[in-house]
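Same order as they appear, the protein sequences are chains A and B. Residue numbers for the first sequence follow numbering that gives the first Met the number 0, so the first one is 0 and each next one is one higher. Residue numbers for the second sequence follow numbering that gives the first Met the number 0, so the first one is 0 and each next one is one higher. All C-beta atoms in this analysis are idealised placements derived from N, C-alpha and C, irrespective of residue type, glycine included. This structure is a prediction, so every number in the text was calculated from the model and none was measured. Below you'll find the structure, written out as structure tokens, and then a few comments.
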Amino acid sequence: MGINRRSFLKLAGTAAATLAVDAADASPGPASSAPSGGGYGVLVDASVCISCRKCEWACNRQQHLTQKPQAAFEDRAVCLTPRRPDDAAFTVVNRFPDAPGSDKGYGVKIQCMHCLQPACASACLVGALRKHPQGPVYYDEWKCIGCRYCMVACPFEIPAYEYARALEPRVRKCTFCLERVIDEGKPPACVEICPNEALTFGQRENLIDAAYIRMKTAPERYLQHLYGEHEVGGTAWLYLAPADLTPAGLPALSEKPIPQSTEKIQHAIFKGFVPPIALYGLLGLVMYNTHRERRSADAAAEREKDA
Amino acid sequence: MTVVTPAEFPRPLAARFFTRGTLVLSALALLGIAGYLYRLLFGLRAATHLSQGYPWGLWISVDVASGVALAAGGFTTAALIEIAGRQRYHRLLRPALLTAMLGYTFVVIGLLADLGRYYNVWHPMLPGMWQGSSVLFEVGICVMIYLTVLYIEFMPIVIERFRGRVALPGALHILNRPLDGALGLADRFLGRFLVLFILAGVVLSCLHQSSLGTLMLIAPYKMHPLWYTPISPLLFLLSAIAVGFPMVIFESLLAARSFKLPAETKLLASLARFTPILLGLYLSVKIIDLTLRGAWGHLGTGSIESVMYLIETIGGVVVPMLLLSMHRVRRSARGLLGAASLVIAGVILNRINVFLVAYRPRFAAQPYFPSVLEIAVTVGLVSALVLVYRLLVMIFPVVTPDDAPGPSAFGGGAPRVVPETLR
Numbered sequence: 000m001g002i003n004r005r006s007f008l009k010l011a012g013t014a015a016a017t018l019a020v021d022a023a024d025a026s027p028g029p030a031s032s033a034p035s036g037g038g039y040g041v042l043v044d045a046s047v048c049i050s051c052r053k054c055e056w057a058c059n060r061q062q063h064l065t066q067k068p069q070a071a072f073e074d075r076a077v078c079l080t081p082r083r084p085d086d087a088a089f090t091v092v093n094r095f096p097d098a099p100g101s102d103k104g105y106g107v108k109i110q111c112m113h114c115l116q117p118a119c120a121s122a123c124l125v126g127a128l129r130k131h132p133q134g135p136v137y138y139d140e141w142k143c144i145g146c147r148y149c150m151v152a153c154p155f156e157i158p159a160y161e162y163a164r165a166l167e168p169r170v171r172k173c174t175f176c177l178e179r180v181i182d183e184g185k186p187p188a189c190v191e192i193c194p195n196e197a198l199t200f201g202q203r204e205n206l207i208d209a210a211y212i213r214m215k216t217a218p219e220r221y222l223q224h225l226y227g228e229h230e231v232g233g234t235a236w237l238y239l240a241p242a243d244l245t246p247a248g249l250p251a252l253s254e255k256p257i258p259q260s261t262e263k264i265q266h267a268i269f270k271g272f273v274p275p276i277a278l279y280g281l282l283g284l285v286m287y288n289t290h291r292e293r294r295s296a297d298a299a300a301e302r303e304k305d306a
Numbered sequence: 000m001t002v003v004t005p006a007e008f009p010r011p012l013a014a015r016f017f018t019r020g021t022l023v024l025s026a027l028a029l030l031g032i033a034g035y036l037y038r039l040l041f042g043l044r045a046a047t048h049l050s051q052g053y054p055w056g057l058w059i060s061v062d063v064a065s066g067v068a069l070a071a072g073g074f075t076t077a078a079l080i081e082i083a084g085r086q087r088y089h090r091l092l093r094p095a096l097l098t099a100m101l102g103y104t105f106v107v108i109g110l111l112a113d114l115g116r117y118y119n120v121w122h123p124m125l126p127g128m129w130q131g132s133s134v135l136f137e138v139g140i141c142v143m144i145y146l147t148v149l150y151i152e153f154m155p156i157v158i159e160r161f162r163g164r165v166a167l168p169g170a171l172h173i174l175n176r177p178l179d180g181a182l183g184l185a186d187r188f189l190g191r192f193l194v195l196f197i198l199a200g201v202v203l204s205c206l207h208q209s210s211l212g213t214l215m216l217i218a219p220y221k222m223h224p225l226w227y228t229p230i231s232p233l234l235f236l237l238s239a240i241a242v243g244f245p246m247v248i249f250e251s252l253l254a255a256r257s258f259k260l261p262a263e264t265k266l267l268a269s270l271a272r273f274t275p276i277l278l279g280l281y282l283s284v285k286i287i288d289l290t291l292r293g294a295w296g297h298l299g300t301g302s303i304e305s306v307m308y309l310i311e312t313i314g315g316v317v318v319p320m321l322l323l324s325m326h327r328v329r330r331s332a333r334g335l336l337g338a339a340s341l342v343i344a345g346v347i348l349n350r351i352n353v354f355l356v357a358y359r360p361r362f363a364a365q366p367y368f369p370s371v372l373e374i375a376v377t378v379g380l381v382s383a384l385v386l387v388y389r390l391l392v393m394i395f396p397v398v399t400p401d402d403a404p405g406p407s408a409f410g411g412g413a414p415r416v417v418p419e420t421l422r
């Protein structure tokens, strides 16, 4: 009996220790090794954005989001109260005037950042969200089971859900106009329409160079920080702005890619299935042992009875 | 071999199915089913308060996460009795197994209500869609396999009840022979291989119980630091192990009361001795974790989060730990029931805290509080579970009524549950 109690506690302890120890020395997994420099990106220059909302309209038209006419996107006053993208608007542009009522200030367009190591793609259990090697993080509607773990995972709180649909609800977010960018080699609809060249489309590494040149040539225009260069391991969309972007919905985030810690733990537990198999074997040994003891105890009782 | 009197075998319980209590439960279950259908017909917006900011609510935190934790009685008793060989608890094994089987079944039913595309729930089984780096993938696959394992583990009980007694009514009687043959085949297969499934059940449980704790680690910027810890999977595993026996105690006492059987206070008191140790282990890891992360400061702020953390830890861990370490408490059915309820409530509160209270999205338009319908569905599912449990213990030999007093004989359980290969 003493052996049994010890072995039981040992089991609980081993299971726990297996998880704890292995979590410490794991290597990052496949979803963490997305292309680091490559792929398309967009450089957003908030200082030249006039918040005309043309990008919102172009997106609405390109992605067939709502039936709203162009006129519905001409009211610029709405930009003054920060809005968020949702299932009916993949992008919104908000206005941050220098002083209340002032025309001067900057505009910040918000949409999916198309992370280099996207948390949503790491979270998705069926691979419905994936990182295209050329940049876009895209969504395969037919795979999705609607668990919304991607929404939990996204550090920018971008994916939105079509809660109103009883059947075939979708996760909705900026697609980086995948069909235009990849298939036709054209810039996304929002970039193409931008009248003030606040948006620049190109290879991400070139955009980074361009951004640094702008920061150097006009230091008075910009905070010396290229948002998205390193945040959560880097994002395809990059932001130059005259001020800190936290109020605009782009908070300070560390350089650590979001999927790193969960994938570390994941790959520790499943490293070649060694920990589960080891636990299985250990439990099997304990079980064999206890039952052998029992058998011999039974046999002893039998002998006693016979005698 | 010790002579075993038939009274010590599990047998179907005789009782009236409908009593005042079960009528109330039936009403609640019907309400829940109505709410469930409403959600299926009109969608999540109409049925729930879920929002773009709060994609997960009551159903994920209670029906799924707490449901899985509370079904831990299944694998903890299997480990104690079948693996560590503590045969004197044998009569607790089948009720615990049934609770786990129904618990996981209702977890899946609850999950289906929450999934936007519930009809795609089988997608993770397709190798083409496997996404090994997803924590949720691991949880999903483990739960699916474990649910199957639980049904397989329950098969011997079905065989015991119906082998040689298959008698379908009317025209269906032509199926009697084939069905009986199938039961015989299953019997032979399980006699040889059941042990592998029992071991697998424990391993699978350890895996997904802990992985549930990994889920929220993907949201570092949204989680309150009191619960955001890299050892969250360990805490989830330890709390699941700790709540296993209290669930068995809770459910055994309630069943005894409901079926007017003598409460097995002695046996349960003995089982309850493990709980302070397991709770103590959980508590020490929690304390060490707070200390190492320097997170104690978050406790004194008086914020909702700090209050919830204190209630969860003191009311759900410290108090029942102290209570159950007292012989006086363990000796009485009321003491056992009270302390076990505290542990259970503590684990539910912990899951609610991790999945809801600690989750603080920056841009959420409004805070989340479940809708009446969400609550009705959750209450309805729990009621339905209790009703199905009652029905099954009246059909199948699950409960061993304690009407033959005296210590249970060594190996005195049903022959099928102890795998013959190891005899």
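Under 7 Å, CB to CB, which of the residues in the segment 352-381 of chain B have a partner in chain A? In summary, the residues of the segment 352-381 of chain B whose CB is separated from some CB of chain A by less than 7 Å are Pro360, Arg361, Phe362, in the order they occur in the chain.
What does DSSP give as the partner residue(s) for A/Lys130 in the beta ladder? Partner(s): A/Val136.
With DSSP run on the structure shown, which of helix, strand or coil describes B/Thr399? Three-state DSSP puts B/Thr399 in coil, outside helix and strand.
Helix, strand or coil: how does DSSP classify A/Leu198 here? It is a strand residue.
Quick one: any contact between the segment 125-136 of chain B and the segment 389-403 of chain B, if contact means 3 or more CB pairs under 8 Å? No, the segment 125-136 of chain B does not touch the segment 389-403 of chain B.
Within 9 Å of chain C by C-beta, residues of the segment 130-148 of chain B in sequence order: The structure shown contains no chain C; the protein chains it does contain are A and B.
Whole angstroms is fine: what's the gap from B/Val353's alpha carbon to B/Met320's? Roughly 22 Å between the two C-alpha positions.
Do B/Leu372 and B/Gly34 come within 7 Å of each other at the CB atom, strictly closer than that value? In this structure, B/Leu372 lies closer than 7 Å to B/Gly34 by Cβ.
Please name the residues in the segment 88-113 of chain A whose beta-carbon is closer than 9 Å to at least one beta-carbon of chain B, in chain order. The residues in question: there are none.
Where the beta strand (DSSP E) containing A/Leu237 begins and where it ends: Counting along the chain, the beta strand (DSSP E) containing A/Leu237 begins and ends at 236-239.
If you scan the segment 292-323 of chain B from start to end, which runs of the alpha helix (DSSP H) of 4 or more residues do you find wholly inside it? Positions of the alpha helix (DSSP H) runs, each at least 4 residues long and wholly inside the segment 292-323 of chain B, are given as 303-309, 318-323 in order along the chain.
Anticipated Cβ contact below 8 Å, B/Leu391 with B/Leu97, distance rounded: Confirmed, Cβ separation roughly 6 Å.
Can you give me, in chain order, the residues of the segment 281-296 of chain A that have a beta carbon less than 9 Å from any beta carbon in chain B? The segment 281-296 of chain A vs chain B, Cβ under 9 Å: Leu282, Gly283, Val285, Met286, Tyr287, Asn288, Thr289, His290, Arg291, Glu292, Arg293, Arg294, Ala296.
Selected residue, minimal CA-CA separation from B/Gly334, among B/Val318, B/Val346, B/Trp121: Closest option to B/Gly334, Cα to Cα, is B/Val318.
Any beta-carbon of chain A closer than 7 Å to the one on B/Thr213? By this cut-off, B/Thr213 is an interface position.
Tell me whether the segment 167-186 of chain B and the segment 206-218 of chain B touch, counting them as touching only if at least three CB pairs, one residue from each stretch, are closer than 8 Å. With the cut-off at 8 Å, the segment 167-186 of chain B and the segment 206-218 of chain B do not touch.
Any C-beta of chain B within less than 8 Å: which residues of the segment 249-275 of chain A qualify? Along the segment 249-275 of chain A, going in chain order, the ones with a CB nearer than 8 Å to a CB of chain B are Pro250, Leu252, Ile257, Pro258, Ser260, Thr261, Glu262, Ile264, Gln265, His266, Ile268, Phe269, Pro275.
Euclidean distance between Cα positions of B/Leu49 and B/Trp121: Spanning the alpha carbons of B/Leu49 and B/Trp121 requires a straight line of approximately 23 Å.
Under the rule that 16 or more other beta-carbon atoms within 10 Å means buried, what is A/Arg263, buried or exposed? Reading the sequence as shown, one finds Lys at residue 263 of chain A and not Arg. The residue is buried, with at least 16 neighbouring Cβ atoms inside 10 Å.
Partner residues on chain A for B/Val120, Cβ-Cβ distance less than 7 Å: Going along chain A in sequence order, the residues near B/Val120 (Cβ under 7 Å) are Ile144.
Return yes when at least one heavy atom of the ligand SAH lies under 6 Å from the C-beta of A/Glu196, else no. This structure simply doesn't include the ligand SAH, nor any ligand for that matter.
Go to B/Tyr37, then tell me how far its alpha helix (DSSP H) extends in each direction, as first and last residue. Per DSSP, B/Tyr37 belongs to the alpha helix (DSSP H) from 19-46.
Say whether chain B places a C-beta atom closer than 7 Å to the C-beta of A/Ser32. At A/Ser32, the pLDDT of 41 sits below 50, so the modelled position is not reliable; the number obtained from the coordinates is stated separately. It does not: the Cβ of A/Ser32 has no partner Cβ on chain B nearer than 7 Å.
Between which two residues does the alpha helix (DSSP H) carrying A/Tyr287 extend? Taken as a continuous stretch (DSSP letters only), the alpha helix (DSSP H) holding A/Tyr287 covers 273-305.
If A/Cys143 and B/Arg116 are in contact, beta carbons under 8 Å, what's the gap, nearest whole angstrom? That belief holds up - the Cβ atoms of A/Cys143 and B/Arg116 are roughly 6 Å apart, short of 8 Å.
Please go through the same chain and pick out, in chain order, the residues whose beta-carbon is closer than 6 Å to the beta-carbon of B/Ser65, but skip the five residues on each side of it. Excluding its 5 nearest sequence neighbours in each direction, B/Ser65 has C-beta neighbours in its own chain below 6 Å: Ile347, Arg350, listed in chain order.
Can you pull out the residues from the segment 146-162 of chain A whose beta carbon lies closer than 7 Å to at least one beta carbon of chain B? From the segment 146-162 of chain A, only Cys146, Arg147, Tyr148, Met150, Val151, Ala152, Pro154, Glu156, Ala159, Tyr160, Tyr162 have a Cβ closer than 7 Å to chain B.
Looking at B/Glu81: is its Cβ nearer than 7 Å to the Cβ of B/Ile197? A Cβ-Cβ contact shorter than 7 Å links B/Glu81 with B/Ile197.
DSSP three-state assignment for B/Tyr227, whether helix, strand or coil: Annotated three-state conformation of B/Tyr227 is coil, per DSSP.
Check A/Val125 in the structure and name its three-state DSSP category. Collapsing the DSSP output to three states places A/Val125 in coil.
Cβ separation of B/Ala14 and B/Phe249, assumed to be a contact under 8 Å, to the nearest whole Å: Not really, about 20 Å apart at Cβ, beyond 8 Å.
Cβ of A/Gly106 within 7 Å of Cβ of A/Val92? Between A/Gly106 and A/Val92, the C-beta gap is smaller than 7 Å, which places the two residues in contact.
I believe A/Cys119 touches A/Pro68 by the beta-carbon criterion, under 8 Å. Please report the beta-carbon distance rounded to the nearest angstrom. Rounded, the Cβ-Cβ distance is 32 Å, inconsistent with contact.
If we define contact as Cβ-Cβ less than 7 Å, is A/Arg164 a contact residue for chain B? A/Arg164 counts as touching chain B.
What is the rounded straight-line gap between the Cα of A/Ala33 and the Cα of A/Leu42? With a pLDDT of 44 at A/Ala33, under the threshold of 50, the modelled position of this residue cannot be trusted; read the value that follows with caution. So the two alpha carbons sit approximately 20 Å from each other.
Identify whether A/Val41 lies in helix, strand or coil by the three-state DSSP scheme. Here A/Val41 sits in strand by DSSP.
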